[in-house]
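Step one of this worksheet: look at the structure below.
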Amino acid sequence: MTAPLADRMRPQTLDDVVGQQRWIGHDGPLRRSVEEGRVGSMVLWGPPGCGKTTLARVIAKASGFAFEQLSAVLSGVKDLRAVVERARQPTLGASRTLLFVDEIHRWNKAQQDALLPHIEDGTLVLVGATTENPSFALNPALRSRLLLVRLEPLDVTDVRSLLDRALVDPRGVADPPPIDDDVLGAIAMAAAGDARRALTDLERAVESVPSGERLDRDRLQQALQRSGLRHDRDGEDHYNVVSAWIKSMRGSDPDASLYWMARLIAAGEDPRFLARRLMVFAAEDVGNADPRALSVAVAAAEAVDRVGMPEGRIPLGQACTFLACAPKSNAAYKAIDAALAEVKRSGALPVPLHLRNAPTQHMQDEGYGAGYRYPHDHPYGVVAQRYRPEELDGVRWYEPRPWGEEKRIAERLAFWARKQDE
Numbered sequence: 008m009t010a011p012l013a014d015r016m017r018p019q020t021l022d023d024v025v026g027q028q029r030w031i032g033h034d035g036p037l038r039r040s041v042e043e044g045r046v047g048s049m050v051l052w053g054p055p056g057c058g059k060t061t062l063a064r065v066i067a068k069a070s071g072f073a074f075e076q077l078s079a080v081l082s083g084v085k086d087l088r089a090v091v092e093r094a095r096q097p098t099l100g101a102s103r104t105l106l107f108v109d110e111i112h113r114w115n116k117a118q119q120d121a122l123l124p125h126i127e128d129g130t131l132v133l134v135g136a137t138t139e140n141p142s143f144a145l146n147p148a149l150r151s152r153l154l155l156v157r158l159e160p161l162d163v164t165d166v167r168s169l170l171d172r173a174l175v176d177p178r179g180v181a182d183p184p185p186i187d188d189d190v191l192g193a194i195a196m197a198a199a200g201d202a203r204r205a206l207t208d209l210e211r212a213v214e215s216v217p218s219g220e221r222l223d224r225d226r227l228q229q230a231l232q233r234s235g236l237r238h239d240r241d242g243e244d245h246y247n248v249v250s251a252w253i254k255s256m257r258g259s260d261p262d263a264s265l266y267w268m269a270r271l272i273a274a275g276e277d278p279r280f281l282a283r284r285l286m287v288f289a290a291e292d293v294g295n296a297d298p299r300a301l302s303v304a305v306a307a308a309e310a311v312d313r314v315g316m317p318e319g320r321i322p323l324g325q326a327c328t329f330l331a332c333a334p335k336s337n338a339a340y341k342a343i344d345a346a347l348a349e350v351k352r353s354g355a356l357p358v359p360l361h362l363r364n365a366p367t368q369h370m371q372d373e374g375y376g377a378g379y380r381y382p383h384d385h386p387y388g389v390v391a392q393r394y395r396p397e398e399l400d401g402v403r404w405y406e407p408r409p410w411g412e413e414k415r416i417a418e419r420l421a422f423w424a425r426k427q428d429e
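The opening residue of the sequence shown carries number 8 in our numbering; numbering runs sequentially from there.
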């Protein structure tokens with residue numbers, strides 16, 4: 008009972024594990040492989056507290072394997088060799104050895120490669136655990152030999168069931184005080200799918216209650232004193248929420264856009280990062296469909312820089328809703344990329360003589376600027392003349408969309424083209 012509650016409450020069998028039904032539910036692939044005695048090496052990829060260590064231990068126990076554990080933060084190849092030596096002299100009753108490597112993405116390429124021969128000759132069944140995308144975190148040679156098991160955060164119902172279990176299980180909370188029902192719901196919600204965090208919060212909250220008193224929401228708040236959101240600015244959660252935010256604005260859903268931005272703000276994201284993303288979005292996804300968009304985004308960035316937070320949330324919210332509700336066009340964004348691709352393809356084509364600068368008499372004698380027609384001397388401020396290298400005649404990169412302000416731009420360009428033809 009001196010161990011932390013989260014450790015005491017670790018499931019001992021697959022049936023005790025909550026969540027991850029895709030893998031361990033009825034006829035799930037991991038459950039089948041355990042029941043059929045054909046467990047192979049794998050990497051468990053998922054956020055903290057989703058059950059990676061628990062699954063590794065349960066699989067080893069259910070399969071009759073000896074269990075070895077290394078932390079990639081603290082261990083290296085020397086520790087791996089010691090595990091291999093023990094695996095070659097199996098303990099009584101163990102058929103094989105399962106090596107669990109926590110935070111496996113922290114091992115470098117040489118350390119990861121050191122695992123390969125022992126996986127291939129069957130000395131070890133490797134179960135790696137990582138919070139990082141294995142496509143980037145593991146080298147291809149190791150990744151190709153592992154089953155990728157993508158674990159999801161536990162849902163609120165699963166976390167709540169763990170909390171209920173901890174209050175009645177002999178391994179759980181000893182002599183719990185009376186607890187308001189909404190307290191357990193609040194802990195489950197704040198855990199954001201992290202079972203370890205939920206159980207730790209429950210233990211801390213229970214310990215804060217004086218003898219004979221209740222655990223209510225006020226006491227819970229006093230005990231925890233922190234934000235209820237998990238957010239890693241360098242981790243996958245960060246990029247997933249940012250992606251959802253941008254795609255919600257692009258999809259013209261202001262409420263979803265506000266929700267995802269609020270998630271980032273509440274989790275402590277740098278408001279300057281949010282402002283930069285709004286500026287890029289304004290030019291990339293709204294563009295000339297509403298030219299005011301970039302001005303609004305830039306003004307919001309300046310406002311945030313001047314007033315700071317929490318007041319900065321107000322101009323951020325204004326810009327976010329404006330951009331979400333604005334007509335959308337990526338025509339300008341596509342146009343500059345297409346023009347850059349053309350420059351890369353055709354190189355530095357010569358500037359037509361009539362467009363060249365002619366600041367000296369010698370340059371004028373060479374024909375620089377000769378024949379240039381000044382648009383302001385002509386009706387509507389347009390005149391027919393070549394403005395690009397001859398090799399690029401007829402090529403169009405900017406195609407205005409037929410809505411928003413770009414509809415007017417398209418009409419204006421067509422009008423000018425007709426006047427030039429005349």
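Where a beta carbon is used, it is the ideal one built from N, C-alpha and C, also for glycine.
Original post:
Below 8 Å, can you find three or more Cβ-Cβ pairs linking the region 51 to 60 to the region 150 to 162?
Top reply: Look at the beta carbons and you see the region 51 to 60 touching the region 150 to 162: at least three pairs across the two are nearer than 8 Å.
Original post:
Between the Cα of Arg-352 and the Cα atoms of Val-293, Asp-109 and Asp-344, which residue gives the shortest distance?
Top reply: The candidate whose alpha carbon is nearest that of Arg-352 is Asp-344.
Original post:
Under 9 Å between C-beta atoms, does Gly-388 make it to chain C?
Top reply: The structure shown has no chain C; it contains just one protein chain.
Subject >> Within 9 Å, strictly: CB atoms of Pro-278 and Leu-323 >> reply: Note that the C-beta distance between Pro-278 and Leu-323 is below 9 Å.
**OP:** Between the Cα of Glu-373 and those of Ala-148, Tyr-379 and Ala-365, spot the shortest distance and give me the residue it belongs to.
**Re:** Ala-365
Subject >> Assigned exposure category for Ile-66 - 16 Cβ within 10 Å defines buried >> reply: buried
Subject >> Contact check, Arg-283 vs Ala-308, beta carbons under 9 Å >> reply: yes
Original post:
When we look at the beta-carbon of Phe-143 and count the other beta-carbons within 10 Å, is it buried (16 or more) or exposed?
Top reply: exposed
**OP:** Within 10 angstroms of the Cβ of Ile-272, are there 16 or more other Cβ atoms? Answer buried if so, exposed if not.
**Re:** buried
Subject >> Through-space distance from Glu-110 to Glu-139, alpha-carbon basis >> reply: 9 Å
Original post:
For Thr-207, does the three-state DSSP call read helix, strand or coil?
Top reply: helix
Original post:
How far does the alpha helix (DSSP H) with Glu-75 in it reach, from first residue to last?
Top reply: From DSSP, Glu-75 is part of no alpha helix (DSSP H) but of the beta strand (DSSP E) over 73 to 78.
Original post:
Who are Leu-155's beta bridge partners in DSSP?
Top reply: Val-50
Subject >> C-alpha distance - Pro-11 paired with Leu-123, whole-angstrom precision >> reply: 35 Å
**OP:** Rank Glu-210, Leu-330 and Ala-339 by C-alpha distance to the C-alpha of Thr-9 and give the top, closest one.
**Re:** Glu-210
**OP:** Confirm, please, whether the CB-CB distance from Leu-330 to Ala-310 is below 9 Å.
**Re:** no
Subject >> For Val-166 and His-112, the rounded distance between their alpha carbons >> reply: 27 Å
Subject >> Nearest-angstrom Cα separation, counted from Trp-252 out to Arg-15 >> reply: Going from the Cα of Arg-15 to the Cα of Trp-252 covers about 39 Å.
Subject >> 8 Å CB neighbourhood of Tyr-340 in its chain, flanking five on each side removed >> reply: Ala-290, Glu-291, Asp-292 and Gly-294, listed in sequence order.
Subject >> Pairwise C-alpha distance: Asn-337 and Ala-212 >> reply: 51 Å
**OP:** Confirm, please, whether the CB-CB distance from Arg-393 to Pro-359 is below 9 Å.
**Re:** yes
Original post:
Between the region 171 to 191 and the region 215 to 227, do three or more beta carbon pairs fall short of 8 Å?
Top reply: yes
**OP:** Whole angstroms is fine: what's the gap from Ala-205's alpha carbon to Leu-347's?
**Re:** Put simply, the backbone Cα of Ala-205 is about 52 Å away from that of Leu-347.
Original post:
Excluding five sequence neighbours on each side, which residues of the same chain lie with their C-beta closer than 6 Å to the C-beta of Phe-422?
Top reply: Hits under 6 Å: none found.
**OP:** Would you kindly work out how many angstroms separate the C-alpha atoms of Ala-74 and Asn-247, rounded to a whole number?
**Re:** Correcting the residue type first, residue 74 is Phe in the shown sequence and not Ala. The C-alpha of Asn-247 is placed about 34 Å away from the C-alpha of Phe-74.
Subject >> Limits of the unbroken beta strand (DSSP E) element including Leu-227 >> reply: Run containing Leu-227: none in the beta strand (DSSP E); it sits in the alpha helix (DSSP H), 224 to 231.
Original post:
In whole angstroms, what is the alpha-carbon distance linking Asp-171 and Asp-120?
Top reply: 43 Å
Original post:
To which residues does DSSP link Thr-104 through a beta bridge?
Top reply: Beta-bridge pairing links Thr-104 to Ala-73 and Leu-131.
Subject >> Three-pair Cβ contact test at 8 Å for the region 41 to 52 versus the region 75 to 91 >> reply: Using a C-beta cut-off of 8 Å, the region 41 to 52 makes no contact with the region 75 to 91, since fewer than three inter-stretch Cβ pairs fall below that distance.
**OP:** Find the nearest neighbour of Phe-288 within the set Gly-275, Arg-313, Ser-259 and Ala-274, judged by alpha-carbon distance.
**Re:** Answer by Cα proximity: Ser-259.
**OP:** Please classify Thr-61: does DSSP put it in a helix, a strand, or coil?
**Re:** helix
**OP:** For Ala-304, collect the residues of the same chain with a Cβ closer than 6 Å to its Cβ; drop the 5 residues on either side in sequence, then sort them by chain order.
**Re:** Leu-285, Met-286, Ala-289 and Ala-326
Subject >> Where Leu-145 falls, given that 16 or more other Cβ within 10 Å makes a residue buried >> reply: buried
**OP:** Using alpha carbons as the reference points, say which of Glu-220, Pro-261, Leu-37 and Gln-427 lies closest to Pro-386.
**Re:** Gln-427
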